[in-house]
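With the numbering used here applied, the sequence shown corresponds to residues 33 to 206, in that order.
This report concerns only the one structure given below.
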Amino acid sequence: MNDAQKIALIASFLLRYPDATWYDELQEWKGDATSVAHPQLRQALVEFFDYVEETSRKEFEDQYVRTFDFSQNTNMYLSTYELQGTGEQAEELVKYKAFFLENGYDLPKEMPDFVPAILELCALIEEEKAKEIYEYCKPKLEYIRERFIEAKLPYAFLFDIILSVANGLEDGVL
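As structure tokens, this is what we get:
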């Protein structure tokens, strides 16, 4: 597994709801983060894990819920940003669903524009196809990152990492 794939899986994990199972797996994923070859991205991932470990479970869970579940400004669904109506959103969802189906995957339990699911898909498919998905999603990922920066939320750092992967694939660096 290359760095881009590994980072996508780690970021997907970190963006999931921090339940008991998530916390049980935290150290294993942190170990995976320490094996990322790219020094700056490795350091940024480890720092985010450190932040999680330094924050009480209750506080981190509450922050997650406030950030992603109770805010239209910062959620995990790419099609909810900047669309005018339900017709546009439906078209967008069809496009995201196509990414999964074209690559032999389906999402029976999640919406196809769910950021962690898209990251997992990018980690599992050929690099060229992942590059196309990142390119399509990049403007929305950048928009979400800006929202996190404005709200002074630590998830901005994860989106920096995700966008570094997208840019690195585009530039042939990762």
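Built from N, CA and C at the ideal position, the CB exists for glycine as well.
Inset, instruction - Identify every run of the alpha helix (DSSP H) within the region 57-144, keeping only runs that are complete inside it and at least 4 residues long; order them along the chain. - result: Listed in chain order, the alpha helix (DSSP H) elements of length 4 or more contained wholly in the region 57-144 are 71-86, 89-96 and 118-134.
Legend entry - Spatial distance of serine 67 from leucine 73 (CA atoms): Walking along the sequence shown from the start, residue 67 turns up at place 35. Walking along the sequence shown from the start, residue 73 turns up at place 41. If I take the Cα positions, the gap works out to 11 Å.
Legend entry - Burial state of methionine 33 (16 or more Cβ within 10 Å): Residue mapping note: residue 33 aligns to position 1 of the sequence shown, counting from 1. When all chains shown are included, methionine 33 counts as exposed.
Inset, instruction - State yes or no: is the C-beta of isoleucine 181 nearer than 7 Å to some heavy atom of the ligand HEM? - result: Looking at this structure, you won't find the ligand HEM or any other ligand, since it has none at all.
Inset, instruction - Flag this pair as yes or no: are the beta carbons of leucine 125 and proline 148 separated by less than 8 Å? - result: The residue labelled residue 125 in the question sits at position 93 within the sequence shown. The residue labelled residue 148 in the question sits at position 116 within the sequence shown. Not in contact: leucine 125 and proline 148 (Cβ atoms no closer than 8 Å).
Inset, instruction - Please go through the same chain and pick out, in chain order, the residues whose beta-carbon is closer than 6 Å to the beta-carbon of alanine 198, but skip the five residues on each side of it. - result: Position 166 of the sequence shown holds residue 198. Correct list, in chain order: Tyr166 and Lys170.
Inset, instruction - Would you mind giving the Cβ-Cβ distance between tyrosine 96 and tyrosine 49, rounded to the nearest angstrom? I have them listed as a contact below 8 Å. - result: On the sequence shown, position 64 is the one that residue 96 refers to. On the sequence shown, position 17 is the one that residue 49 refers to. At roughly 6 Å, the Cβ-Cβ gap stays under 8 Å, so tyrosine 96 and tyrosine 49 are in contact.
Inset, instruction - Compute the Euclidean distance between the alpha carbons of glutamine 75 and threonine 99, then round it to the nearest angstrom. - result: As a position in the sequence shown, residue 75 is number 43, starting the count at 1. As a position in the sequence shown, residue 99 is number 67, starting the count at 1. Computed Cα separation, rounded: 24 Å.
Legend entry - Nearest-angstrom Cα separation, counted from leucine 195 out to glutamate 174: Taking the first residue of the sequence shown as position 1, residue 174 is located at position 142. Taking the first residue of the sequence shown as position 1, residue 195 is located at position 163. Cα to Cα, glutamate 174 sits roughly 7 Å from leucine 195.
Legend entry - Beta-carbon gap between glycine 200 and alanine 69 smaller than 8 Å: The sequence position of residue 200 within the sequence shown is 168, counting from 1. The sequence position of residue 69 within the sequence shown is 37, counting from 1. Contact flag unset, no.
Legend entry - Residue closest to glutamate 160, alpha-carbon to alpha-carbon, out of Lys127, Glu202 and Gly136: Residue numbering aside, residue 160 sits at position 128 when the sequence shown is read from its first letter. Ranking the options by Cα distance to glutamate 160, first place goes to Glu202.
Inset, instruction - Could you tell me whether the region 152-159 touches the region 176-188, where touching means 3 or more Cβ pairs closer than 8 Å? - result: Segments in contact, no.
Legend entry - One or two residues paired with phenylalanine 146 in a DSSP bridge: Indexing the sequence shown from 1 puts residue 146 at position 114. In DSSP, phenylalanine 146 forms a bridge with Tyr109.
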